[in-house]
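Each remark here refers to the structure printed beneath this line.
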Amino acid sequence: MTNVLTQQEMKDLSNSLQQKKSQRATQIIHMGEEAYRLLRFQQLKSTELEKLASQILETDKTIYETNKKLYRAKMNSSECPSCHSSLSQDAKFCGSCGQPNPHYKIDEVEEVECTYCHAYIEKGTQYCPCCGSQIGGTTDNEL
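Take the sequence shown: its letter number 18 is residue 18 in the UniProt record's numbering, and every next letter is one higher.
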């Protein structure tokens, strides 16, 4: 006896299969995130996974540093809120309409190096915005 499926049944099976594949991918991602967290806090030992975790940390650091550069670039080249002309951070007033530059003389932020990922972060920060490690103490995950 052969199984003959209608077009609709085949479509339903195909959709069900895609949903299960998507669900599996999500589960693998969650498993990987948990393994990464355990590796970071030295609760899991695996040479191969530690190598992968190190690569992920470098990628995280690159993402963090790139976001920081983009943010600073936006702050350094803003537009006048009145006439929408371009302004640089060192301009006290808009060259087109004379309005004060709201970003003039933004204080430089003092930075320190994260002891875990070595990203430069704002001094006084309790948790590293790059890797999530607690600065100067244990993380919540280590307690």
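Where a beta carbon is used, it is the ideal one built from N, C-alpha and C, also for glycine. Keep in mind it's a predicted model, so treat the numbers as computed, not measured.
Exposure of residue i, with buried meaning 16 or more beta-carbon neighbours within 10 Å
i: Y101; result: Per the sequence shown, the amino acid found at residue 101 is Asn instead of Tyr. The residue is buried, with at least 16 neighbouring Cβ atoms inside 10 Å.
i: L13; result: exposed
i: C83; result: exposed
i: T138; result: Low confidence applies to T138: its pLDDT is 45, below 50, so where it sits in the model is not reliable, and the reading given next is rough at best. By the 10 Å Cβ count, T138 comes out exposed.
Three-way DSSP call (helix, strand, coil) for residue i in this model
i: L57; result: helix
i: I121; result: strand
i: Q134; result: strand
i: L87; result: strand
i: S78; result: strand
i: E110; result: coil
i: Y127; result: strand
Spatial neighbours of residue i in its chain, beta-carbon cut-off 8 Å, leaving aside the 5 residues before and after
i: Q56; result: Gln is not the amino acid found at residue 56; the sequence shown has Ile there. Excluding positions up to five away in sequence, the list reads Y36.
Same chain only: Cβ atoms within 7 Å of residue i, ignoring 5 sequence neighbours per side
i: K20; result: none
Residues of its chain near residue i, where Cβ-Cβ distance is below 6 Å and the 5 sequence neighbours each way are ignored
i: E142; result: Interpretation of E142 is limited by its pLDDT of 41, a score under 50 that renders its predicted location unreliable; the figure taken from the coordinates is listed afterwards. F41, listed in sequence order.
Residue from the options whose Cα sits closest to the Cα of residue i
i: P81; options: G98, R72, D90 and Y71; result: G98
Original post:
Should the stretch 45-56 be called in touch with the stretch 110-126, which here means at least 3 C-beta pairs below 8 Å?
Top reply: No, they do not touch.
Subject >> Contact between the stretch 117-135 and the stretch 63-72 (3+ Cβ pairs under 8 Å) >> reply: yes
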